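Note that my numbering gives residue 113 to position 63 of the sequence shown, counting from 1, and the numbers run on in steps of one. First the structure, in the form of structure tokens, and then the observations on it.
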Amino acid sequence: MKHFSPDNFDSSLIGLLVGRTNALKDRMLDKYLLPYDVTFAQFKVLIIIAQFSTDTPVELCRHLSLDSGSMTRMLDRLEQKGLVVRQR
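Structure representation (structure tokens):
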């Protein structure tokens with residue numbers, strides 16, 4: 051395994067390393083949440099709703115930097131699981 055030091059570190063790799071670390075974190079949290087039948091992405095939506103009393107998909111999109119189509123699909127799945135109730 052390659053170890054980095056200030057002398058051999060290629061700063062152009064920062065984005066790649068952060069992205070890989072983030073993906074690994076998401077996979078680890080997905081595994082942890084598996085018994086609850088919730089993905090980490092779904093868990094983040096539930097946390098934002100609880101923490102900020104967010105009540106519209108647009109607000110959720112702003113908090114999580116997701117597009118409206120992704121948010122609609124996410125809310126559909128959470129609604130099917132009985133974790134959110136939408137008023138239309």
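Just so you know, even glycine gets a beta-carbon here, dropped at the ideal spot from N, CA and C. Quick caveat, the model's predicted, so the values are computed rather than measured.
>> Is the separation between the beta-carbon of Gln101 and that of Met124 shorter than 8 Å?
In response: No, Cβ-Cβ distance for Gln101 and Met124 is not below 8 Å.
>> Quick check on Leu128: buried or exposed, where buried means 16 or more other Cβ atoms within 10 Å of its Cβ?
In response: Buried: at least 16 other Cβ atoms inside 10 Å.
>> Tell me the DSSP secondary structure of Pro85 in three-state form.
In response: Assignment of Pro85 by DSSP, reduced to helix, strand and coil, places it in the helix class.
> Where does Ser103 fall in DSSP's three states?
Replying inline: If DSSP states are grouped into helix, strand and coil, Ser103 belongs with coil.
>> Considering only their Cβ atoms, is the gap separating Leu83 from Phe90 smaller than 8 Å?
In response: Result yes, Cβ atoms of Phe90 and Leu83 sit closer than 8 Å.
> Leu74 and Lys94: beta carbons closer than 8 Å?
Replying inline: No, the pair does not count as a contact, with Cβ atoms beyond the cut-off.
> Which stretch, first to last residue, makes up the alpha helix (DSSP H) that contains Ser55?
Replying inline: Ser55 -> no alpha helix (DSSP H), and no H or E assigned at all.
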